[in-house]
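Worksheet: the structure to be examined is printed underneath.
4 protein chains.
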Amino acid sequence: MEKDKSTDEIGFGTKNYATNSRYINNDGSVNVRRKGRKFWQNFDGYHALITMPRTKFLILVILGFLLINLLFASLYYWIGIDHFGNVQTSTPFNDFMQLFFFSAQTLTTVGYGHIFPKGNIAGALATVEAALGLMGFALATGILYARFSRPRSFLMYSRNVLISPYKTLKGLMFRITNPKQNELIEAEAQVILSMIDWESGKRVFIPLDLELRKISFLALTWTIVHPIHSESPLFGFSLEDYEKNDVEIMVFIKSINDTYEQTVHSRHSYTYKDLIMDAKFEPILPRINRKGKMELNVDEINDFQKVEK
Amino acid sequence: MEKDKSTDEIGFGTKNYATNSRYINNDGSVNVRRKGRKFWQNFDGYHALITMPRTKFLILVILGFLLINLLFASLYYWIGIDHFGNVQTSTPFNDFMQLFFFSAQTLTTVGYGHIFPKGNIAGALATVEAALGLMGFALATGILYARFSRPRSFLMYSRNVLISPYKTLKGLMFRITNPKQNELIEAEAQVILSMIDWESGKRVFIPLDLELRKISFLALTWTIVHPIHSESPLFGFSLEDYEKNDVEIMVFIKSINDTYEQTVHSRHSYTYKDLIMDAKFEPILPRINRKGKMELNVDEINDFQKVEK
Amino acid sequence: MEKDKSTDEIGFGTKNYATNSRYINNDGSVNVRRKGRKFWQNFDGYHALITMPRTKFLILVILGFLLINLLFASLYYWIGIDHFGNVQTSTPFNDFMQLFFFSAQTLTTVGYGHIFPKGNIAGALATVEAALGLMGFALATGILYARFSRPRSFLMYSRNVLISPYKTLKGLMFRITNPKQNELIEAEAQVILSMIDWESGKRVFIPLDLELRKISFLALTWTIVHPIHSESPLFGFSLEDYEKNDVEIMVFIKSINDTYEQTVHSRHSYTYKDLIMDAKFEPILPRINRKGKMELNVDEINDFQKVEK
Amino acid sequence: MEKDKSTDEIGFGTKNYATNSRYINNDGSVNVRRKGRKFWQNFDGYHALITMPRTKFLILVILGFLLINLLFASLYYWIGIDHFGNVQTSTPFNDFMQLFFFSAQTLTTVGYGHIFPKGNIAGALATVEAALGLMGFALATGILYARFSRPRSFLMYSRNVLISPYKTLKGLMFRITNPKQNELIEAEAQVILSMIDWESGKRVFIPLDLELRKISFLALTWTIVHPIHSESPLFGFSLEDYEKNDVEIMVFIKSINDTYEQTVHSRHSYTYKDLIMDAKFEPILPRINRKGKMELNVDEINDFQKVEK
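Protein chains in written order, with this note's numbering: chain A, 1 to 309; chain G, 1001 to 1309; chain Y, 2001 to 2309; chain U, 3001 to 3309.
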């Protein structure tokens, strides 16, 4: 990508607003909600089912299972319990419950058969329910599995972004690490500065130069450094300047998870509140354990110390 | 790709025809049908099952299910109802229906067992049907799931393509946005002009220069601009020229859907009928809602206003 | 890739042999068989199951199903038919068959239940078989589905490779097309010449320059052209030279199938026997059908005519 | 990637340690263990299930199956055996076992039905178990299939790395081959030298220049060569120097498996113990078998001979 320092480069089309709202939340989610005239325009069922919280998904599956059972139990009850063999009729509630459990045994294809459909209407309904159950459970478990196996990047970002001494200059720095036991390879970083340009009254978006944009292997940690040279838009900024210009540092990391051989993306965002002036990260020294394996304490990623100006 | 302005670059091989037929339909589908001497040469079963309309697919699955059931029911009826235990024989139709439902219960592996195969022939047939049912339902639900989860790009394109003032020149512009709640990243555009060159009487295909070919993040909207500089094949064109040359503007967008971490492609095509001279898009201002989230109205993507020449 | 004209570039490591064996077969398969001291070194079960011919795969699945059934039927018979409820004992063969079908009904999880396990040994065996059946059928149908949905490129290559007039020179040309109704995008070609260099007595491998290496869209056909300029290793070759040097033209095409959004690779190889001197391809003109759709006859890809020298 | 010879390039963040621990094990696994304050920070269930050894996975699945069965059998026993139809009560142990097998038949959805739930409590429990069984088996077989079909690179590396004559210089060389019958295409190598720089007392990481970084097709073998020119960090090294500086040669190979059309990565590492001075690899000559197919003996990849200095 060319280093065209325009707004468009990160896809925030129009340029005429200068709000205080951040663009990317701290957890990496995007602070945008899309609406349109028609509901379905903005709706993507698969995406919703894959990304909704676990408990919401489970409740949805259980409710769906109960509803379909209720529907078929009602149909069975409506055509009459005498269409089913081996049922011992008792109270209406117990009759209904017997049919409800028969329905559940059909939907899950258990089919004990102590109760069974007699005649064509009951037979047809049970056939439809069994086919529907097979398809429905396959879809539900497909989504369950997709949720479980979804390629994700679990990068840890240092809590703070530091302004540290860097060679003869200063550098804006933060650290990332992979806390999981899998390996991330070919990691690539892009850092974009978003701030208000008070001359034009507009919010501007500027990609920041990095000391290193790509590493072949994220085995331990990676300190991502933007050297604040004289060309940098942050050159000479004081902490007040960061606040006054409502600075947001947006981070985009792309890498390959080598368990699934899949590219994964991670986003993060720092605001001026996360900034520490004149500090540097503590080096992280992996210990060698008894088996000769290097041990990395990922929590140390946040550790820094103040430096003399 | 090099900017070789040849026909070949977009794969429309021969150059000697100048038809009025558009190459890409407005919905992004390709206006080409491939035929050959042998039917199977052009047939791809999986592709057909994945892309056919939903209702057609459902009808096919239901028909398939009924046909296999009918086939096995007929076989069971043909070997004789006395090969099945617990059947109460009545009319031939009812006998057949009982075997039909037994077949359905076998195919879905419900297997209530109030009817069951007796003897080796019935046992063998039922075994085959059960194995077939397991395989068939797995294939059908696999395809159902693949249809549901197929990576797709649901980009919205502005209804019109505008000729707007652009810096000191004019620019050909259209806008895209992602109406869904997922995020599209690393979006990349290619725009190809197709028109009749009356000098040679041939249709030519020319990639158009873009102000920006790639953005890292399609959070809001992206206005794709071809600056009509003096090198542009559209330099000095009037609305009549666009019509006379049967201009088609073909758009190819590639991006990554970050829910599934998959690359998705989108196509669109404008003809001279979609062109508005001397107009510019209204800026789209996302509103900040009560939760501090930016709200984007994707329908505003079409809004433009006429400008003084 | 740099145009280093070395053998290594296509992975045929050592250089000291000059056999007549072709490297890539006409159907794109590689003419190499890898062996090692230990069988499992060269064995990849999943690869074998995915790529074996359809009938072989079906026979394997059926045999596997029968064998597991036989095994469990034998175990059931061995512990004794009195461990099963509701069985009507008759001849040993019929007893065995009843247990065989009970086994099949357990493995497929149909479980009619007219025969059922009694006591702990039979119960335990049936439990193991049911669990095994669920796992086994899931694996088998998973592989079946993977075979069915495997991303493949069904490119058609022109039967012949032509030496045609090309601008002021000659060009080595062949044509490709996609016979299927799906779309191939971002197609990229690499052509490698393999021939015997009689000076050194070695076989050499030389990548050939192409007029165009990449097209964005393979909608109709693509004529791939190597201009035989004075730098070309084929400059001045007569038909006899092609034969004498045992020329093989290896073709590698990479593209994206836009139904599954997946990259697919295709290989092809021409030998001097497929070469036609002084001929050019007939242009392929798609017809416009009644619905305004262009129709392409893919068989025309082979049509050429001789030209005056 | 730029050839920035910094530590960061391979993701070993801090630079102040000079341990003897190797970074990558001979089998390609990474010699790092990540820890944090909270267990779940470092835990990735899917990754663990996909990568654990086969036997461990099988034991886990069997244990899980038994435990869920035990749980439900206990619940059934606790509500009372009289909630189940057709049970012949005998000893408490046999009662429990009957319910255990009923539970197994429900969980696997076999559902013979010779025992069946009576009343609402037993019906509800069995319904929950059947639904759980369907979901659980789908997850387990999903993971089983993912383990089986996981894209992997089975590259073979030569046992030794040689210092051989190379043109007018020496070269550091090793060979790779693909022992499997599938094809690896677009193979790309990166070789990184890790050694102790005794001047600074630090471990340094230096990417090595390669004669060829990418080949289009790994049909036979690929000898990867680092020319030890005067700019090379290994220029003039004796075997003692390799040992003294604790040299580790890390190899990263990326390629595409053309059966699954998927990118696969492979890692390997050599230490000074694997180094042979003044030797060269024996050329590997594929034999032509009776069917005209080239046969490659992959074990020959290790064969070398000493050369005169």
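The beta-carbon is built from N, C-alpha and C at its ideal position, and this holds for glycine as well.
Residues of its chain near G/Met1001, where Cβ-Cβ distance is below 6 Å and the 5 sequence neighbours each way are ignored
Working through the second sequence from its first residue, we reach residue 1001 of chain G at position 1. Note that G/Met1001 scores a pLDDT of 31, beneath 50, so its modelled location is shaky; the value from the coordinates is reported in the next line. Excluding the 5 residues flanking it on each side, G/Met1001 has no same chain C-beta neighbour closer than 6 Å.
Return the chain-ordered ranges of every beta strand (DSSP E) run that is complete within the stretch 2121-2187 of chain Y and spans a minimum of 3 residues.
As far as the stretch 2121-2187 of chain Y is concerned, its whole beta strand (DSSP E) runs of at least 3 residues are 2161-2166, 2169-2177.
Provide the residue span of the alpha helix (DSSP H) that contains U/Val3061, from first to last.
Looking up residue 3061 of chain U in the fourth sequence gives position 61. Residues 3054-3079.
Considering only the beta carbon of each residue, do G/Met1156 and A/Asn120 sit closer than 7 Å?
Taking the first residue of the second sequence as 1, we reach residue 1156 of chain G at position 156. Taking the first residue of the first sequence as 1, we reach residue 120 of chain A at position 120. No Cβ-Cβ contact shorter than 7 Å links G/Met1156 with A/Asn120.
Validate contact between the stretch 3025-3032 of chain U and the stretch 3266-3275 of chain U using beta carbons, cut 8 Å, 3 pairs
Counting Cβ pairs under 8 Å, three or more are found: they touch.
Residue-chain proximity (G/Asn1042, chain Y), Cβ-Cβ < 7 Å
Locating residue 1042 of chain G in the second sequence gives position 42, counting from the first residue. Closer than 7 Å to the CB of G/Asn1042 there is at least one CB belonging to chain Y.
If you measure from the beta carbon of G/Phe990 to each beta carbon in chain Y, is any gap under 7 Å?
Here chain G covers residues 1001 to 1309 and nothing more, so residue 990 of chain G does not appear.
DSSP three-state call for U/Ala3219: helix, strand or coil?
Translated into positions along the fourth sequence, residue 3219 of chain U becomes position 219. Correct three-state label for U/Ala3219: coil.
Determine, using beta carbons only, whether A/Leu356 comes closer than 7 Å to chain G.
Shown here, chain A extends from 1 to 309; a query on residue 356 of chain A therefore has no answer.
Identity of the residues DSSP links to U/Phe3304 by a beta bridge:
Reading the fourth sequence from its first residue, position 304 is the one you call residue 3304 of chain U. DSSP, once it has assigned bridges, lists U/Phe3281 as partnering U/Phe3304.
When burial is assigned at 16 or more other CB atoms within 10 Å of the CB, is Y/Gly2292 buried or exposed?
Within the third sequence, numbered from 1, the residue matching residue 2292 of chain Y stands at position 292. By the 10 Å Cβ count, Y/Gly2292 comes out exposed.
By how many angstroms is the C-alpha of U/Glu3282 removed from the C-alpha of U/Phe3304?
Sequence index remark: in the fourth sequence, residue 3304 of chain U carries index 304 (1-based). Sequence index remark: in the fourth sequence, residue 3282 of chain U carries index 282 (1-based). One C-alpha to the other measures close to 5 Å.
Could you pull the start and end residues of the beta strand (DSSP E) that U/Ile3249 belongs to?
As a working mapping, residue 3249 of chain U is identified with position 249 in the fourth sequence. Run containing U/Ile3249: 3248-3257, per the beta strand (DSSP E) assignment.
Find out if the Cβ-Cβ distance for the pair A/Gly111, G/Gly1111 is shorter than 7 Å.
In the first sequence, residue 111 of chain A corresponds to position 111, counting from 1. In the second sequence, residue 1111 of chain G corresponds to position 111, counting from 1. With contacts defined by Cβ atoms closer than 7 Å, A/Gly111 and G/Gly1111 form a contacting pair.
So G/Phe1148 packs on A/Leu139, CB below 8 Å; how close in whole Å?
Counting from one through the second sequence, the residue named residue 1148 of chain G turns up at place 148. Counting from one through the first sequence, the residue named residue 139 of chain A turns up at place 139. By a beta-carbon distance limit of 8 Å, G/Phe1148 contacts A/Leu139. Their separation comes to about 7 Å.
Contacting residues, own chain, Cβ-Cβ under 7 Å from U/Ile3196 (five flanking each side not counted):
Your numbering for residue 3196 of chain U matches position 196 in the fourth sequence. Counting only Cβ-Cβ distances below 7 Å, and skipping sequence neighbours, we find Ala3018, Arg3203, Asn3245, Asp3246.
By how many angstroms is the C-alpha of G/Ser1238 removed from the C-alpha of G/Ile1276?
For this step, residue 1276 of chain G is matched to residue 276 along the second sequence. For this step, residue 1238 of chain G is matched to residue 238 along the second sequence. Approximately 11 Å between the Cα atoms of the pair.
Roughly how many angstroms lie between the CA atoms of A/Phe100 and U/Gly3123, to the nearest whole one?
Counted from its first residue, the first sequence places residue 100 of chain A at position 100. Counted from its first residue, the fourth sequence places residue 3123 of chain U at position 123. When rounded, the separation of the alpha-carbon atoms in A/Phe100 and U/Gly3123 is 9 Å.
When burial is assigned at 16 or more other CB atoms within 10 Å of the CB, is G/Trp1222 buried or exposed?
Translated into the one-based positions of the second sequence, residue 1222 of chain G becomes position 222. So G/Trp1222 ends up on the buried side.
What are the boundary residues of the alpha helix (DSSP H) that U/Lys3244 is part of?
Residue mapping note: residue 3244 of chain U aligns to position 244 of the fourth sequence, counting from 1. Its alpha helix (DSSP H) spans residues 3239-3244.
Rounded straight-line distance, which links the Cα of Y/Leu2172 to that of Y/Ile2256
To locate residue 2256 of chain Y, count along the third sequence from 1; it is residue 256. To locate residue 2172 of chain Y, count along the third sequence from 1; it is residue 172. Cα-Cα distance, rounded: 25 Å.
Taking C-beta pairs closer than 8 Å, name the residues in chain Y that U/Gln3105 reaches, listed in chain order.
Walking along the fourth sequence from the start, residue 3105 of chain U turns up at place 105. The contacting residues are Gly2111, Ala2126, Thr2127, Ala2130.
CB contact check: A/Val32 to chain G, cutoff 7 Å
Locating residue 32 of chain A in the first sequence gives position 32, where the first residue counts as 1. Yes - at least one Cβ of chain G is within 7 Å of the one on A/Val32.
Residues, ordered as in the chain, of the stretch 1239-1264 of chain G that lie near chain Y by beta-carbon distance below 7 Å:
Contact residues of the stretch 1239-1264 of chain G toward chain Y are Phe1252, Gln1262, Thr1263, Val1264 (C-beta to C-beta distance below 7 Å).
Check whether the Cβ of A/Ala219 lies closer than 7 Å to any Cβ atom in chain U.
Taking the first residue of the first sequence as 1, we reach residue 219 of chain A at position 219. Among the residues facing chain U, A/Ala219 is included, as its CB has a counterpart in that chain under 7 Å away.
Exposure label - G/Pro1286; buried when at least 16 CB within 10 Å
Here residue 1286 of chain G corresponds to residue number 286 of the second sequence, with the count starting at 1. Counting Cβ neighbours within 10 Å, G/Pro1286 comes out buried, since at least 16 surround it.
Once DSSP output is grouped into helix, strand and coil, what is the label at Y/Val2110?
The count along the third sequence starts at 1 and reaches residue 2110 of chain Y at position 110. Here DSSP, grouped into helix, strand and coil, assigns Y/Val2110 to coil.
Which residues, in order along the stretch 190-202 of chain A, keep a beta-carbon less than 8 Å from a beta-carbon of chain G?
Answer in chain order: Gln190, Ile192.
Can you check whether the CB of G/Val1032 is closer than 7 Å to the CB of A/Arg331?
Residue 331 of chain A lies beyond the range of chain A shown here (1 to 309); nothing can be said about it.
Thinking C-beta only, is A/Ser200 closer than 7 Å to A/Glu248?
Taking the first residue of the first sequence as position 1, residue 248 of chain A is located at position 248. Taking the first residue of the first sequence as position 1, residue 200 of chain A is located at position 200. Remark: C-beta atoms of A/Glu248 and A/Ser200 do not approach each other more closely than 7 Å.
Identify whether U/Phe3235 lies in helix, strand or coil by the three-state DSSP scheme.
Taking the first residue of the fourth sequence as position 1, residue 3235 of chain U is located at position 235. Here U/Phe3235 sits in coil by DSSP.
Sub-7 Å separation of U/Leu3169 and U/Ile3228 beta-carbons:
Taking the first residue of the fourth sequence as 1, we reach residue 3169 of chain U at position 169. Taking the first residue of the fourth sequence as 1, we reach residue 3228 of chain U at position 228. Contact check for U/Leu3169 against U/Ile3228 passes: the beta carbons are separated by less than 7 Å.
Say whether chain G places a C-beta atom closer than 7 Å to the C-beta of Y/Glu2183.
Locating residue 2183 of chain Y in the third sequence gives position 183, where the first residue counts as 1. Against chain G, the CB of Y/Glu2183 has a partner CB under 7 Å away; the residue lies at that interface.
Helix, strand or coil, according to DSSP, for U/Gln3088 in the structure here?
In the fourth sequence, the residue the question calls residue 3088 of chain U occupies position 88. In the three-state scheme derived from DSSP, where H, G and I count as helix and E and B as strand, U/Gln3088 is classed as coil.
Name the chain A residues that come within less than 9 Å of G/Tyr1145, Cβ to Cβ?
Translated into the one-based positions of the second sequence, residue 1145 of chain G becomes position 145. Simply Ala138, Leu139, Gly142, Ile143, Ala146.
By alpha-carbon positions, which one of G/Phe1154, G/Asn1094, G/Glu1300 ends up nearest to G/Val1264?
By 1-based counting over the second sequence, the position of residue 1264 of chain G is 264. Taking only the C-alpha atoms, the option nearest G/Val1264 is G/Phe1154.
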